[in-house]
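These notes concern the structure reproduced below.
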Amino acid sequence: MPGEELVVRVLGATLVSDAAGRYPVDRPLERGMLVRLAMGRGVPVPDGRLAADLWGDAEVTRPAERLRVVAFRLRTALGPRSDAVTRSSAGYRLASGPADLIAAEAAADRMHAAARAGDHVGVRDAAAAALELWRGPSLADLRMIPFAESDGRRLDDWRLDLVVARLGAELELGAGPELTTELAGLANEHPLHEPISCMLAIALYRSGRQAEALERLSRLRRDLADELGVDPAPDTAELEMRLLRQDPALLPERPAPVTVPRQQRRRAAAVPAPTTSFVGRDQELSDLLAALATPGVTTLVGGPGSGKSRLAVEAAMAVAERDLPVAFVELAPLRLEDSVETAVAGAVGVEPGAGDRLGALAAALGSGLLVLDNAEHVVEQVADLVVQLRRVAPDLSILITSQRPLLIAEEVQQRVGPLELDAAAALLSARVAAGALPEDGLGTDVATILAAVDGLPLGIELAAGLTRTMTVPQLATRMTDRLRLLVGGPRDAGARHTSLRAALDWSHELLDPAAQAVLRRIGVFAGGFELDAAEQVVEGGAVQLGDVAPALADLVDRSLVTVVAERGGRRFTLLETVRDYALAQLDAAGETDPTLAKHLAWCLAHVRAAAAVDDFISAESVAAVFAEWPNILSALSHAPGTERMADALRLATAMHTPWATRGWFTEARRHFAALADAPGLNPHERGRALSSHGHHTMMAGGLHEARALLTAAAAVAGTVDDMSLVMRVRFQQGFVDYAQSRFVEAIATLEAGRDLAHKLGHVKHEWAFTDALGTAHLYAGDVDVALECYTAVVAVARERVDEPGLARGLSHLAQALMEAGRVDDAMAAADESDHYARRLDDRQVLPHNELIRGAAALAAGKLDDAEAACRSALTYVDSGAAVAHIDLADVLVARGELVEAGELLRTVYAGAAERGAMWLAALPVSAALALAAGDIAEARSRADEAAAAHAAAGFGWPRYVQRLDAVIAELTAREPT
């Protein structure tokens, strides 16, 4: 990407990005190499230095090879920016430096220049600019790596120096009382830091707290003597004497007093004074102030706990600083029958008996700002008053915070939602107790907490408060019970802001009974829902079908439900905190089981409707099912052990093809196993469930369990008149046969099944048998027959426009073409297969195509390309053994990276069925590994074992047979005659 800079940030957890977005580098070693090279600022880092920085000074075995592996993985993680990491005889080099550190250094240079010129404002601003670049402890996610541990400490020490410089400049500019809290925290954290203690003493003295200032310096003297055995510096001792003498020079010069009209002072004082810093909504505040600069009506609309009131307070204080009158009216205490106009009049000092009260309000407010906070329960009264006020006060700006908009013509709505991840993390970091953040900074525990509270400022503030008694990791493990846990906000914040539950209770009580019922029932939806789904699930009892849409509209207006445009329709979602609350209300109403049953029934109907469109032969019908996957997953997960098990097993059976199409075999197996004992199914349903369970178990590697399940399915199929079920079971049994290297039995079973399907006119089954026959023949070594089978399957799939059939069939054809030596044709088939597989998100076919490309690259001697392809395939493997382990091991043997190759093969032998096709494929690579290690006897033993096992099973998969032949040929050449 020429012209685009790769940006590496190190002042916090590592961030890597460019104009296109972020590049996650997940492994610590790869991140460590990236940062170490960035710290080199374009200068190559020699291998020896780089290895010592990453692994320490202890002797590292094969450092060059290990660095090559780490560099390869780093390039893979960087994707299109892999060219940023280069290698020369001088070492590895990164084309970018640490952007935030370079910017901080530039700001520090400006700070030092300002200090030399006696410019305290310049010092303060430059130091603050540098400090803003830190997002947490420096190199926070790399402290386990040797160089990062020392560099991180050094950078954090420098950060403290910048803080000291900023605070010193603030004191020089006359600050004092406002700095005591920050300085006291720093002094407690750094009790032996003399400049910090001295500045705290000055700040305390300027606050009228001379005794505390002297005690701070006395404590410093004792700590220095006890810990270091030294006396304070002369400057510290001199300051102590100046404090005792009450030196006037310690106090700032006082500016001439400015007279503020009494009424204006009272109005400014009406703005609630925040007790914490404002974090996370700088852009929203800027946008809001821009809107308030022009007379009009602005409503901050957001759900409970979203931070509307705090944003309004910050805006009000900013307006007050411009010497404009500000009136801040808290409406939450009002009852529905109370007068909003009376509350506003009281806030601005208009007497109750005033004749023209609107005129008096307009005169008192003038061209200032009126803030009406928490208007959702009196929104109609507020709307009426605002319209009337604007008629008589055209220069007035009015700011409202509410869960519902006013819906008046002049209103401009500004939505206030959850914080973005970076802002949420910054708020949590600013609020947690000292020492509560983990050493890795903003890692997975912080992400867990932020996700649990939906990024809501109230939730973050409450969670941070709990770090006074819990560490961040302890808190993260307890966030599943977030509504009960997150209590205990500041007592001066108002009852609604002392817990998430209290905030939601306030909103819930404002709903009418129908809207309350709709809210609690839609809590069963996970990941959102459309209107027709809600109507099917929510309707019943006091809620009529026609009530659902109006109730949803009301909930959207009140910011309890979010609506987004999606695929030409509208989709509704709940924040997880609101959903938890809704489910608690559902349980309290005794409606959980019947509502979950209706939700499950809707999921089943949705999957069956998608199947009815085209039997899942298009990417669109498969995607339609997975668009509701969160709901389907929730329905399946909540059913075991309940009366819903039978319907849940029917849902799992309906999901058979979508799961198979995307290669979600482990997920499918998990659900079938949990629901296997469901009562109430007829034999037809039971047989299909057993068949599907067996198929997914087989594809997940459980061959023996799959054979047992399919035997049970065959027994059930024999009792019902369902030839489709009979053919499904035969197909899957043939599949198990060839996976277990029973090639003769597999071919016989599959041919009989194909003939039966053809006789009965079951086209789909006929070509499924043909595809499986191709694989059985390929494993048995008959490439020509495999090519015939796959070619026929692809032709039929094209005719039927069967996208899953084309993805799978073309991938199999590409493999057979590769085995036949037709590399160009194989690559073309794999590329076309990818087109369909990507549309389907087929996680079985996509890695299979990568392995075909890897085989082609290996055959051409392009080891980098071969390794990249095999590693890409391996990323699709969730657990257990896969062909990707074998093929990557083969590439690594060719590269001489034998340790990792051995680990990969051990994974195969631990997870593959002994004497199965995968086990047989791995044997030649094990022999090659032993040969590359120079162990001729072991290589010969492995080669003989492989040859005997292949012959006994009739295994003839060309690639692995040829690999064994090559090993035997080399052994023959090396062994003495």
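At position 541 of the sequence shown (counting the first as 1) the number is 597 in this note's numbering, and the numbers step up by one without a gap.
Think of the CB as a built atom: it goes at the ideal place given N, C-alpha and C, for glycine as much as any other residue.
Buried or exposed: Pro193, going by 16 or more other Cβ atoms within 10 Å of its Cβ? Counting every other CB atom within 10 Å of its CB across the protein chains shown gives Pro193 a total of 16 or more, marking it as buried.
Sorted by chain position, which residues of the same chain lie with C-beta nearer than 7 Å to Gly967's C-beta, five sequence neighbours on each side aside? Gly757, Gly936 and Ala937
By Cβ distance, which residues of its chain are closer than 8 Å to Gly972, with the 5 residues on each side in sequence left out? Leu759, Ala795, Gln796 and Ser797
Could you tell me if Glu970 is buried or exposed, where buried requires 16 or more neighbouring beta carbons within 10 angstroms of its beta carbon? Around the beta carbon of Glu970, fewer than 16 other beta carbons sit within 10 angstroms, so the residue counts as exposed.
Can you check whether the CB of His749 is closer than 8 Å to the CB of Phe721? no
Cβ contact check for the segment 348–358 and the segment 451–467: 3 or more pairs under 8 Å: yes
Please list, in chain order, all residues of the same chain as Ala160 whose beta carbon is under 6 Å from its beta carbon, the five residues on each side excluded. Ala186 and Leu189
Three-state class that DSSP yields for Leu1020 in the structure shown: helix
Could you compute how far the alpha carbon of Leu198 sits from the alpha carbon of Leu67? Computed Cα separation, rounded: 11 Å.
Quick check on Ser935: does DSSP put it in helix, strand or coil? Shown here, Ser935 sits in coil according to DSSP, grouped into three states, outside any helix or strand.
For Ala179, collect the residues of the same chain with a Cβ closer than 7 Å to its Cβ; drop the 5 residues on either side in sequence, then sort them by chain order. A quick correction: the sequence has Val, not Ala, at residue 179. Within the same chain, Val179 has close Cβ partners Met167, Ala170, Ala171, Ala221 and Ala225.
Helix, strand or coil at Asp74 according to DSSP, with G and I counted as helix: The answer is strand: DSSP assigns Asp74 an E or B state.
Ordered along the chain, which non-local residues of its own chain (more than five positions away) have a Cβ less than 7 Å from that of Val852? Trp823
Taking C-beta to C-beta, are Ser362 and Pro251 nearer than 8 Å? Against a cut-off of 8 Å, the Cβ pair of Pro251 and Ser362 comes out as no contact.
On the three-state DSSP scale, how would you describe Phe384? strand
Measure the alpha-carbon distance for Gly437 versus Ala667 and round it to whole angstroms. First, the residue type needs correcting, since residue 437 is Gln and not Gly in the sequence shown. Answer to the nearest angstrom: the Cα atoms are 52 Å apart.
In three-state terms, what does DSSP make of Thr292? Residue state for Thr292 is assigned as helix, using DSSP reduced to three classes.
CB of Arg810 within 8 Å of CB of Leu829, strictly: yes
Val369: which of Val427, Asp343, Pro381 and Asp412 sits nearest, CA to CA? Val427
Taking the straight line between their C-alpha atoms, what separation do you get for Ser928 and Val126? 15 Å
Count the other CB atoms, across all protein chains shown, that sit within 10 Å of the CB of Glu271; report buried if there are 16 or more and exposed otherwise. exposed
Could you tell me whether the segment 148–159 touches the segment 90–109, using the rule of 3 or more Cβ pairs below 8 Å? Yes: the two stretches touch, three or more of their Cβ pairs being nearer than 8 Å.
Determine the burial state of Asn905: buried for a count of at least 16 other Cβ atoms within 10 Å of its Cβ, exposed for fewer. buried
Figure out for me which residue from Asp793, Ala950 and Asp279 has the closest Cα to the Cα of Ala1022. Ala950
Between the alpha carbons of Val939 and Glu994, how many angstroms are there, rounded? For Val939 and Glu994, the distance between alpha carbons rounds to 23 Å.
Range covered by the alpha helix (DSSP H) that runs through Glu397: Val396 to Val404
Distance CB(Ala399)-CB(Val385) smaller than 8 Å: yes
Cβ neighbour criterion (16 or more within 10 Å) applied to Ala447: As written in the sequence, residue 447 is Arg, which differs from the Ala given in the question. Classification of Arg447: exposed, given that the 10 Å Cβ count is below 16.
With distances taken Cα to Cα, identify the nearest neighbour of Ala957 among Ala984, Asp478, Ile578 and Trp975. Ala984
From His752, Met755 and Lys820, residue whose alpha carbon lies closest to that of Met783: Lys820
Could you give the DSSP three-state label for Ser780: helix, strand or coil? helix
Counting only runs that start and end within the segment 876–921, where is the beta strand (DSSP E) found for 3 or more residues in a row? none
Short of 8 Å in beta carbon distance, which residues of its chain neighbour Ala289, apart from the five on each side in sequence? Order them along the chain. Glu250
Restricting to Cα atoms, I'd like to know which of Gln788, Met754 and Met755 is closest to Ala770. Gln788
Out of Leu414, Asn430, Gln266 and Ala419, which has the shortest C-alpha to C-alpha gap to Gln444? Ranked by how close their Cα comes to the Cα of Gln444, the residues Leu414, Asn430, Gln266 and Ala419 have Leu414 in first place.
Quick check on this structure: which residue in Ala704, Ala813, Asn738 and Ile803 has the alpha carbon closest to the alpha carbon of Val776? Asn738
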